[in-house]
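A.B. asks:
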Amino acid sequence: MRPLPLLFLLALLVLSGLAIALSLGSLSIPPGELWSSLSGQHNTIASEVLLELRLPRALAAFAVGGMLALAGTQMQVLLGNPLADPYILGTSGGAAVGALLAMLLGAATLLVNLAALFGALGSMLLVFGLAHGGGVWSTTRLLLTGVVVAAGWGAIISFLLSIAPQHNLPGMLFWLMGDLGNATTPSLGLLVLLVVLLVSLPVARSLNLLARGEQQAAVLGVAVVPLRLQLYLSASLLTATAVAIGGSIGFVGLVIPHLLRLLIGSDHRWLLPASVLAGGALLLFADTLARTLFAPQQLPVGVLTALMGVPLFLFLLQRGQRG
Amino acid sequence: MSLLRADNLTFGVNGRLLCKGLTFHVEAGECWGVLGPNGSGKTTLLHTLAGLHPEWEGQLTLSGRPLQQLGRRHIARQLGLLLQDSHDPFPATVQETVLSGRHPHLSRWQTEGEHDRRLAHKALERMQLCGMEQRQVQSLSGGERRRLAFATLLTQAPPLLLLDEPLNHLDLRHQQLLLATVRERCAAGDGVIMVLHDPNQAMRYCDRVLLLEGDGNWQQGASREMLTADRLSALYGCRIESVELAGRRWLHHL
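Protein sequence lines, in the order shown, are assigned to chains X and A.
The first sequence begins at 1 in the working numbering and counts up one residue at a time.
The second sequence begins at 1001 in the working numbering and counts up one residue at a time.
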């Protein structure tokens, strides 16, 4: 598939996803009336629901999905491994430990999100410091350090879950599965997403070379060390922000980059913007389903991303093999 | 001005000395062969010259400027390195791969243009890879990948080419094709340094050779004078004899 038409298609998908997310819910608003309600000409219940609840949540879903997919694409290049995902180096584990601790202490939502953010950034610095320790910053060392630190966080998470009082458990489990129920402030996510995308696009062609290995990239004129540092920082920042907003939503960051590579190849000048749009669209649809499928019961969105993504991905993989 | 000057160059790996006080200058149009037993530092030498290996002392100048002062992009326009192995964990087409050679010539926001595509096409044509542009690299055979890597280097078009065992995986016809292309580059004024294992090929295609012994010692000189049975027997630690055939000296082991 040509990249440019796909980008348009994805943009359309995002827009229709937004429209559906805004119109569906306990109070259904026909798509035709969305605009007049949004522009706030009359202060009805519909416009209140839209502006206070659905729009922030829909934008947050888009931002989180976009951030995870972009982080996944970057992490795969950084580690030279198409199986890498944003969580592989322990960023989400650190965030989870922070968030769960805050929940155990009975902190409010905002504090939980902050604790997750600090946990993620702390884990990122820890992994970076340990991997960088000897001065050599090899891919293998970074990967091993990250995976081991992530395993450590996993143990602490299990510990926290096992000592947590009964009434805290559902909230903690929801957080671990990924849940946008508390995502009310999308501006931080959108800002981080936009800034990282703008900073990443100028080095997109260098990423194509780094994907062929560090030495090949260096030989063809890429300053590898600063580029890898930039990748690590931006992927970690994206992951930390996404996880702080929506918990550890799985699957998006692994599968969207893969899926796009199957569709349009590995030119990161197209892949980076395409992964933002595709990840955002996937999470928009998944979150709309998550809150409407068994309404008023809400599902954790992480369940839906996997349920939607797995068959889609397997289908494309089959088709790709035949082609 | 020499394309490359190495003066009193000493390098090693993890504290193990490989080569001490090496001095050699590569002039435009010259083809150098590097020979030596396994682990004697041939690859490390090429990586040092390309600025990829930090463990060295001495002076290295690329077209008159000290290597340490040059950025990667500048180096990439002066020299190219055919790595011993290429690996492609991510899917990419032949066309994308060969065009990646243009990276150091393009500015940040520039995309590959007509000129770049023409160079890429010429390189693919030269390496007999035409018609494979849309193939996935992962579907190519080992020899085809090797030719693709060399075509990428031709597309990069640096005045100095470093080739690390360029003939790996190539059948006889394509070995000959690659070596003939190397001589063409030299005739056009480029310099070449290539690691080879076959002294007969070095004798035929290289003007000068550098023999690395791996313990710090090295020798260099014109191919015809250096590639003698005695010297090579001592270098590789096995009996090598020479025979005269069809007006040329051939070296073979017993």
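Note that beta-carbon positions come from the ideal geometry of N, C-alpha and C, so glycine has one too.
Bear in mind the structure is a predicted one, so any value in this text is a computation, not a measurement.
1) Does the Cβ-Cβ distance between E1055 (chain A) and G1012 (chain A) come in under 8 Å?
2) Nearest CA to the CA of L1106 (chain A): which residue from A:D1116, A:W1032, A:V1098?
3) Which runs of the beta strand (DSSP E) at least 3 residues long sit entirely within the region 196-260 of chain X? Give them in chain order.
4) Which partner residues of T1093 (chain A) appear in the DSSP bridge assignment?
5) Can you check whether the C-beta of A1180 (chain A) is within less than 8 Å of a C-beta belonging to chain X?
6) Please go through the same chain and pick out, in chain order, the residues whose beta-carbon is closer than 6 Å to the beta-carbon of S206 (chain X), but skip the five residues on each side of it.
7) Considering only DSSP beta bridges, list what V192 (chain X) is partnered with.
8) If distances are taken between C-alpha atoms only, which option among A:S1063, A:A1180, A:E1241, A:G1033 comes closest to H1253 (chain A)?
9) Just to confirm my understanding: we take L13 (chain X), look at its own chain, exclude 5 residues before and 5 after, and list those with CB closer than 6 Å. What are they?
10) With distance defined between alpha-carbon atoms, name the residue in X:L27, X:E48, X:A218 nearest to H1053 (chain A).
11) Tell me, which residues are paired with S158 (chain X) by DSSP?
12) Which stretch, first to last residue, makes up the alpha helix (DSSP H) that contains I1075 (chain A)?
13) Please identify, using Cβ separations under 8 Å, the residues of the region 193-227 of chain X that lie next to chain A, in order along the chain.
14) Work out the CA separation of M1194 (chain A) and S1002 (chain A) for me, nearest whole Å.
15) According to DSSP, simplified to helix, strand and coil, what is V1034 (chain A)?
16) List, in order along the chain, the chain X residues whose C-beta lies closer than 8 Å to that of E1055 (chain A)?
17) On the three-pair Cβ rule with 8 Å, is the region 1113-1127 of chain A touching the region 1147-1160 of chain A?
18) So G80 (chain X) contacts chain A; which residues on that side make the cut at Cβ distance below 7 Å?
19) Could you check what DSSP says for D1007 (chain A) in three-state terms: helix, strand or coil?
20) How far does the alpha helix (DSSP H) with I45 (chain X) in it reach, from first residue to last?
21) Start and end of the beta strand (DSSP E) containing A274 (chain X)?
22) Hey, P300 (chain X) and A290 (chain X): beta-carbon distance below 8 Å or not?
23) Output the distance between the C-alpha atoms of G323 (chain X) and L10 (chain X), rounded to the nearest integer angstrom.
24) So is P1104 (chain A) in contact with chain X if we call contact Cβ pairs under 8 Å?
25) Taking only beta-carbon atoms, is R322 (chain X) less than 8 Å away from chain A?
26) For a quick check, are the C-beta atoms of S266 (chain X) and L70 (chain X) less than 8 Å apart?
27) Roughly how many angstroms lie between the CA atoms of L142 (chain X) and F128 (chain X), to the nearest whole one?
28) With 8 Å set as the bound, which would you pick, yes or no: does the beta-carbon of A1234 (chain A) sit closer than that to a beta-carbon of chain X?
29) Measure the C-alpha to C-alpha separation of S37 (chain X) and L15 (chain X) and round it to an integer number of angstroms.
30) Could you have a look at G1108 (chain A) and say whether DSSP puts it in helix, strand or coil?
31) Should the region 229-247 of chain X be called in touch with the region 24-37 of chain X, which here means at least 3 C-beta pairs below 8 Å?
32) Just checking, does the region 91-105 of chain X make contact with the region 157-174 of chain X on the three C-beta pairs under 8 Å criterion?
33) Using a Cβ cut-off of 9 Å, which residues of the region 1034-1065 of chain A contact any Cβ in chain X, in chain order?
34) By DSSP, does C1206 (chain A) sit in helix, in strand, or in coil?
C.D. replies: On the basis of the supplied data:
1) Indexing the second sequence from 1 puts residue 1055 (chain A) at position 55. Indexing the second sequence from 1 puts residue 1012 (chain A) at position 12. Yes.
2) Within the second sequence, numbered from 1, the residue matching residue 1106 (chain A) stands at position 106. If we check each option's Cα against that of L1106 (chain A), A:D1116 comes out closest.
3) Within the region 196-260 of chain X, complete beta strand (DSSP E) segments of at least 3 residues are not found at all.
4) Residue 1093 (chain A) sits at position 93 when you count from the first residue of the second sequence. Paired residue(s): A:Q1136.
5) Walking along the second sequence from the start, residue 1180 (chain A) turns up at place 180. No, its Cβ sits nowhere closer than 8 Å to a Cβ of chain X.
6) Numbered from 1 along the first sequence, position 206 holds the residue referred to as residue 206 (chain X). Here the set comprises V222, L227.
7) As a position in the first sequence, residue 192 (chain X) is number 192, starting the count at 1. Answer by DSSP bridge pairing: none, since V192 (chain X) is not bridged.
8) On the second sequence, residue 1253 (chain A) is found 253 positions in, with the first residue counted as 1. Distances from the alpha-carbon of H1253 (chain A) to those of A:S1063, A:A1180, A:E1241, A:G1033 put A:E1241 closest.
9) Your numbering for residue 13 (chain X) matches position 13 in the first sequence. Excluding the 5 residues flanking it on each side, L13 (chain X) has same chain C-beta neighbours closer than 6 Å at A281, in chain order.
10) Locating residue 1053 (chain A) in the second sequence gives position 53, where the first residue counts as 1. For H1053 (chain A), the nearest C-alpha among the options comes from X:A218.
11) Within the first sequence, numbered from 1, the residue matching residue 158 (chain X) stands at position 158. None, per the DSSP bridge assignment.
12) By 1-based counting over the second sequence, the position of residue 1075 (chain A) is 75. Boundaries of the alpha helix (DSSP H) harbouring I1075 (chain A): 1072-1078, taken from the DSSP string.
13) Listed in sequence order: P202, R205, S206, N208, L209, A211, R212, G213, Q215, Q216, A218, V219, L220, G221, V222, A223, V224.
14) Along the second sequence, one-based indexing puts residue 1002 (chain A) at 2. Along the second sequence, one-based indexing puts residue 1194 (chain A) at 194. CA-CA distance, S1002 (chain A) to M1194 (chain A), rounds to 17 Å.
15) Within the second sequence, numbered from 1, the residue matching residue 1034 (chain A) stands at position 34. It is a strand residue.
16) In the second sequence, the residue the question calls residue 1055 (chain A) occupies position 55. Here the premise fails: no neighbours, minimum Cβ distance about 12 Å.
17) Yes, they touch.
18) By 1-based counting over the first sequence, the position of residue 80 (chain X) is 80. Residues of chain A whose Cβ lies closer than 7 Å to the Cβ of G80 (chain X) are, in chain order, P1089.
19) Sequence index remark: in the second sequence, residue 1007 (chain A) carries index 7 (1-based). In the three-state reduction of the DSSP assignment, D1007 (chain A) falls in the strand class, which pools E and B.
20) Taking the first residue of the first sequence as position 1, residue 45 (chain X) is located at position 45. DSSP places I45 (chain X) in the uninterrupted alpha helix (DSSP H) bounded by 45-48.
21) In the first sequence, the residue the question calls residue 274 (chain X) occupies position 274. Premise fails: A274 (chain X) lies in the alpha helix (DSSP H), 268-292, not in any beta strand (DSSP E).
22) Position 300 of the first sequence, counted from the first residue, corresponds to residue 300 (chain X). Position 290 of the first sequence, counted from the first residue, corresponds to residue 290 (chain X). Cβ distance < 8 Å, so P300 (chain X) and A290 (chain X) count as in contact.
23) Taking the first residue of the first sequence as 1, we reach residue 323 (chain X) at position 323. Taking the first residue of the first sequence as 1, we reach residue 10 (chain X) at position 10. Note that G323 (chain X) scores 41 on pLDDT, short of 50, meaning its location in the model is unreliable; the coordinates nonetheless yield the value given after this. When the Cα atoms are used, G323 (chain X) and L10 (chain X) turn out to be separated by approximately 23 Å.
24) For the purposes of this step, residue 1104 (chain A) is identified with residue 104 of the second sequence, where counting begins at 1. Chain X, which has a Cβ nearer than 8 Å to the Cβ of P1104 (chain A), makes this yes.
25) Along the first sequence, one-based indexing puts residue 322 (chain X) at 322. Interpretation of R322 (chain X) is limited by its pLDDT of 47, a score under 50 that renders its predicted location unreliable; the figure taken from the coordinates is listed afterwards. No, no contact with chain A.
26) By 1-based counting over the first sequence, the position of residue 266 (chain X) is 266. By 1-based counting over the first sequence, the position of residue 70 (chain X) is 70. Taking 8 Å as the Cβ cut-off, S266 (chain X) and L70 (chain X) do not qualify as a contacting pair.
27) Against the first sequence, residue 142 (chain X) aligns to sequence position 142. Against the first sequence, residue 128 (chain X) aligns to sequence position 128. About 8 Å.
28) Position 234 of the second sequence, counted from the start, is the residue given in the question as residue 1234 (chain A). Not a single CB atom of chain X sits nearer than 8 Å to the CB of A1234 (chain A).
29) For the purposes of this step, residue 37 (chain X) is taken as the residue at position 37 of the first sequence. For the purposes of this step, residue 15 (chain X) is taken as the residue at position 15 of the first sequence. So the alpha carbons of these two residues sit roughly 17 Å apart.
30) If you number the second sequence from 1, residue 1108 (chain A) lands on position 108. It is worth fixing the name first, because residue 1108 (chain A) is Arg in this sequence and not Gly. In the three-state scheme derived from DSSP, where H, G and I count as helix and E and B as strand, R1108 (chain A) is classed as coil.
31) Contact between the region 229-247 of chain X and the region 24-37 of chain X is absent, because fewer than three Cβ pairs lie under 8 Å.
32) In this structure the region 91-105 of chain X lies against the region 157-174 of chain X, because at least three pairs of beta carbons, one per stretch, are closer than 8 Å.
33) For the region 1034-1065 of chain A, which is checked against every Cβ of chain X, the residues closer than 9 Å are H1047, A1050, G1051, L1052.
34) Here residue 1206 (chain A) refers to the residue found at position 206 when the second sequence is read from its first residue. It is coil, neither helix nor strand.
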